[in-house]
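Numbering (my numbering), first residue to last: 2 to 278. Shown next, in structure tokens, is the structure this report addresses.
Below you can see the structure in the form of structure tokens.
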């Protein structure tokens with residue numbers, strides 16, 4: 002399997018990269034990043050399975066932010082593709098994408114957070130649906146969401162849950178809305194426990210006290226935390242097995258609705274190679 006990865010410098014994405022490079026079934030990983038990968042993610046010499054594409058514009062000119070920030074204005078702009086042909090050519094033959102790009106919503110407006118969380122992901126999924134493949138399988142798009150998300154309108158009580166819920170729902174709708182070459186799966190980890198230091202991680206994951214509290218919750222209930230290696234392995238497992246539009250043993254996953262996502266306990270089961278049935 003050849004994998005596209007975003008968010009490779011983050012807490013979850015850096016471990017996805019590490020586990021993908023260790024997995025013999027993954028023959029190549031192409032990271033799309035705004036800047037070169039730091040040494041803690043890509044040590045020297047670089048792994049021969051790894052390729053990095055530097056890319057700045059994840060949406061093109063048009064995004065929801067233009068209209069959220071200027072709702073009463075008529076703005077006429079020439080839109081440029083977020084993923085130009087020369088970039089997409091480098092992704093031909095890839096089988097899956099793990100979308101781990103994101104950031105905390107703290108201190109952000111809902112409009113700005115929507116650009117990163119919603120617009121970036123939708124633009125990528127639509128662009129990658131056009132990639133020619135060497136077989137008739139679908140391209141798997143695995144979206145990293147989070148616990149507290151809800152696809153039902155007005156049900157999530159925090160801003161990140163509303164925005165991620167909208168992203169989950171609209172991504173899951175794509176295969177039946179003109180993008181049949183996609184198989185979309187959403188993942189909702191709870192408290193993420195890093196097994197390797199991540200210098201660029203949010204303060205929550207760099208504070209020994211706060212990280213200790215998260216680990217303590219995991220001792221109380223397995224549904225409250227997940228290690229980064231478990232999350233990475235679970236997402237990679239779905240990428241390898243979900244190209245038909247269904248994951249064996251996981252009927253209904255990939256469908257619209259809260260029941261169609263992989264929750265924290267289910268991610269752990271995937272990491273262990275288990276199924277629900």
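In this text, a Cβ means the ideal position worked out from N, Cα and C, and glycines have one as well. Every value quoted in this text rests on a predicted model; they were computed, and no experiment measured them.
| Query | Result |
| --- | --- |
| Those residues which DSSP pairs with residue 7 across a bridge | 33, 100 |
| Cα-Cα separation between residue 163 and residue 155, rounded to whole angstroms | 7 Å |
| Sufficient close CB pairs (3 or more, under 8 Å) joining the stretch 229–247 to the stretch 89–108 | yes |
| Contact check, residue 187 vs residue 119, beta carbons under 8 Å | no |
| Collapsed DSSP secondary structure at residue 12 in the structure displayed | helix |
| Close beta carbons around residue 253, own chain, < 7 Å, minus the five adjacent residues each side | 260, 261 |
| C-alpha gap between residue 13 and residue 271, whole angstroms | 16 Å |
| Cβ-Cβ distance between residue 16 and residue 191 below 8 Å | no |
| Contact set for residue 171: own chain, Cβ-Cβ below 8 Å, skip 5 residues either direction | 119, 123 |
| Proximity test, Cβ basis, 8 Å: residue 264 and chain B | Going by chain labels, chain B is absent from the structure shown, which holds only one protein chain. |
| Own chain residues within Cβ distance below 8 Å of residue 127, not counting five before or after | 175, 180 |
| Contact check, residue 194 vs residue 142, beta carbons under 8 Å | no |
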